[in-house]
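These notes concern the structure reproduced below.
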Amino acid sequence: MARKLKNYFNGEWVEASTDKYTPVVNPATCELMAETPDSAASDVDDVVRAAAEAYLEWRQTPILSRTRYMYAFKNLLEERFNDLAEMVVKENGKTIDEARGEVRRGIESVEFAFSVPALMTGFKVEDISSGIDETAERQPLGVFAAITPFNFPMMVPLWFLPVAIACGNTFVLKPSPQTPLSAELLFEILDEVGLPEGVVNMVHGGADSAHALMAHPDVRGISFVGSTHVGKIIYETSAKYGKRVQVQGGAKNYIAVMPDADLEKAVANIMGSVYGCAGQRCLAGSVIVAVGDVYEPLKKTLMDRASRMRVGYGLNESSQMGTVISAQSRERIKGMIEKGVQEGAKLILDGRGIKVEGFEDGNFIGPTIFDGVQPNMTLAREEIFGPVMSIMHVPDFDTAVKTINASRYGNAASIFTTNGGYARDFKYRVNAGNIGVNIGVAAPTASFPFGGQKDSFMGDTHGQGPDSIHFYTDHKVVIERWL
Ligand code: NAD
Numbered sequence: 011m012a013r014k015l016k017n018y019f020n021g022e023w024v025e026a027s028t029d030k031y032t033p034v035v036n037p038a039t040c041e042l043m044a045e046t047p048d049s050a051a052s053d054v055d056d057v058v059r060a061a062a063e064a065y066l067e068w069r070q071t072p073i074l075s076r077t078r079y080m081y082a083f084k085n086l087l088e089e090r091f092n093d094l095a096e097m098v099v100k101e102n103g104k105t106i107d108e109a110r111g112e113v114r115r116g117i118e119s120v121e122f123a124f125s126v127p128a129l130m131t132g133f134k135v136e137d138i139s140s141g142i143d144e145t146a147e148r149q150p151l152g153v154f155a156a157i158t159p160f161n162f163p164m165m166v167p168l169w170f171l172p173v174a175i176a177c178g179n180t181f182v183l184k185p186s187p188q189t190p191l192s193a194e195l196l197f198e199i200l201d202e203v204g205l206p207e208g209v210v211n212m213v214h215g216g217a218d219s220a221h222a223l224m225a226h227p228d229v230r231g232i233s234f235v236g237s238t239h240v241g242k243i244i245y246e247t248s249a250k251y252g253k254r255v256q257v258q259g260g261a262k263n264y265i266a267v268m269p270d271a272d273l274e275k276a277v278a279n280i281m282g283s284v285y286g287c288a289g290q291r292c293l294a295g296s297v298i299v300a301v302g303d304v305y306e307p308l309k310k311t312l313m314d315r316a317s318r319m320r321v322g323y324g325l326n327e328s329s330q331m332g333t334v335i336s337a338q339s340r341e342r343i344k345g346m347i348e349k350g351v352q353e354g355a356k357l358i359l360d361g362r363g364i365k366v367e368g369f370e371d372g373n374f375i376g377p378t379i380f381d382g383v384q385p386n387m388t389l390a391r392e393e394i395f396g397p398v399m400s401i402m403h404v405p406d407f408d409t410a411v412k413t414i415n416a417s418r419y420g421n422a423a424s425i426f427t428t429n430g431g432y433a434r435d436f437k438y439r440v441n442a443g444n445i446g447v448n449i450g451v452a453a454p455t456a457s458f459p460f461g462g463q464k465d466s467f468m469g470d471t472h473g474q475g476p477d478s479i480h481f482y483t484d485h486k487v488v489i490e491r492w493l
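Mapping the sequence shown onto my numbering, position 20 (from 1) lands on 30, and the numbers just tick up by one.
Here's what the structure looks like:
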């Protein structure tokens, strides 16, 4: 029998009161690793209450002391670096190198929280009227929750938790039920940090638990990362309950390659962008827009590189690409490939039949390439979230920009060029929140906000960077006259 996971609140691990569980399966070996409880509304209530009760005392804890816990947290994360990376591979299926990158990025978010005392500042103007001073102070708000996806099970929770609590809030995480084990390990480490009880808490579950969090009167704000479809539900529901909300949604990222680009470097970047994490990144390149004469040599080089990729188990150091998350996801992606064929795109590399020795039942899909993709095709419009590249050929830069801007998503877009004019025009005109110039994955570092526009983001304050301080605090205005 698989281990049943527990919720964490008030510094204790507590069984959920449910008989509904989601299996957590290693997507390469198909081993049943654990079962995630679908926590009941009463469980969510217990967890949020613990956070609410801890809030007042935590808020009064000096900001430098609050931040000091983050130094301890970082040190323990460094000590457990390899365990964390291995856990990410086992439950998510990406390669060990990709998992190390994820853990490093997660730790960088903890490091960013060290600067909260310098960033959580207000402002003041003296003599706003005779003898009257006016101050805007930044204050924490109470309990914040984050609802996170499967694809970065360790990093995404850390986009939110460290800054939220360093600002003086208390926190509840609801991780993806498909990948709860990295979050469990994070909380085991947080338990060692010795934070006061109730400051950080975790409740397992799926849609119902997420709704119980949004409806809970003690939750002040929600951070969500996941698909656009669910993101819209989160945005509407959170607004209905009067919550502060930030929604980082799905994506369809375009990469334009100009005829003057350095082809070798562009292709190396595109391979990492499209096939990294088996295409399961919100910043994954998906549609390659070949401009003018670069089309034939670009297509040839991409084909050559993609067909030589080593697909295998993530814990095997030589694997260059791992699995997708589940059998269901694999079948969904295969369905989208079939649809691409039916809609008239040319399948020039088909990864559907791949077999990995020793992992015959694993959820592998090999690198796949479509050529002749048109803007109206599903391949160009919908997020695939798998290792599928679509190549489009356009005559010029203007058509490339128009094609990119026709997408309903606006998470990321990149251009490969040696021409500064094109680069400048691209970043100026393209409606996407993260722009890469000769960079395939334009992933904002922890001290910058994680961009996103159109259907890729709902709200006005992004995760990470100064935006996160803004999200986790409110301005209180004080007007004073002392006689
Ligand atoms: P998902 O939307 O299925 O799930 C995300 C979270 O929402 C999970 O915790 C899940 O339990 C919960 N959830 C699912 N259905 C719900 C419902 N009906 N009501 C309330 N909560 C619900 O996403 P996923 O498949 O785990 O992750 C992949 C998606 O995340 C992709 O679309 C990807 O682009 C996106 N993503 C975006 C970013 C970003 O920064 N924009 C980063 C990573 C992933």
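From the three backbone atoms N, C-alpha and C, an ideal C-beta is built for every residue, glycine too.
Bear in mind the structure is a predicted one, so any value in this text is a computation, not a measurement.
Going by DSSP, residue 370 is part of no beta strand (DSSP E) at all; its letter is neither H nor E. The beta carbon of residue 462 sits closer than 6 Å to the beta carbons of 258, 421 and 443 from its chain, once the five residues preceding and following it are set aside; these are given in chain order.
For the options 332, 388 and 398, the alpha carbon positioned closest to that of residue 369 is the one of 332. Excluding residues up to 5 positions away in sequence, 459 and 471 lie with their Cβ nearer than 7 Å to the Cβ of residue 477 in the same chain. Residue 275 is bridged by DSSP to nothing; it lacks a bridge partner. Out of 120, 174, 106 and 230, the CA that lies nearest to the CA of residue 87 is found in 120. 9 Å or more divides the Cβ of residue 321 from the Cβ of residue 290.
Taking a contact as a CB-CB distance under 8 Å, the pair residue 403 and residue 305 counts as one, their CB atoms being some 5 Å apart. Distances from the alpha-carbon of residue 131 to those of 436, 148 and 52 put 148 closest.
Beta-bridge partners assigned by DSSP to residue 71: none are found. Exposure of residue 438 is indicated by the presence of fewer than 16 other C-beta atoms within 10 angstroms of its C-beta. Per DSSP, residue 248 has no beta-bridge partner at all. Taking the C-beta atoms as reference points, residue 353 is found nearer than 9 Å to residue 388.
The beta carbon of residue 244 is closer than 6 Å to those of 234 and 257 in its chain, skipping five residues each way along the sequence.
Residue 403 sits in a strand when the DSSP states are folded into three classes. Across the structure, residue 134 and residue 142 are spaced so that their CA atoms are roughly 11 Å apart.
A distance of 9 Å or more separates the beta carbons of residue 255 and residue 315. In this structure, the beta-carbon distance from residue 468 to residue 280 does not fall below 9 Å. Using a cutoff of 8 Å, the CB of residue 237 counts as near the ligand NAD, since one of the ligand's heavy atoms is closer than that. Taking 8 Å as the cut-off, the C-beta of residue 395 counts as close to a heavy atom of the ligand NAD.
Straight across, the Cα-Cα distance linking residue 390 with residue 383 is about 7 Å. For residue 347, the uninterrupted alpha helix (DSSP H) segment begins and ends at 337–352.
When the five nearest sequence neighbours on each side are left out, the beta carbons in the same chain lying within less than 7 Å of the beta carbon of residue 38 are those of 103, 323, 324, 332, 333, 369 and 372, in order along the chain. Taking 8 Å as the upper bound for CB-CB distance, residue 15 and residue 44 are in contact here, some 5 Å apart.
Less than 9 Å separates the beta-carbon of residue 350 from that of residue 357.
Distance between residue 270 and residue 406, taken at the CA atoms: about 12 Å. Per DSSP, residue 431 is not a residue of any beta strand (DSSP E); the alpha helix (DSSP H) it occupies stretches across 430–439.
Under the three-state reduction of DSSP output, residue 386 falls in the coil class, being neither helix nor strand.
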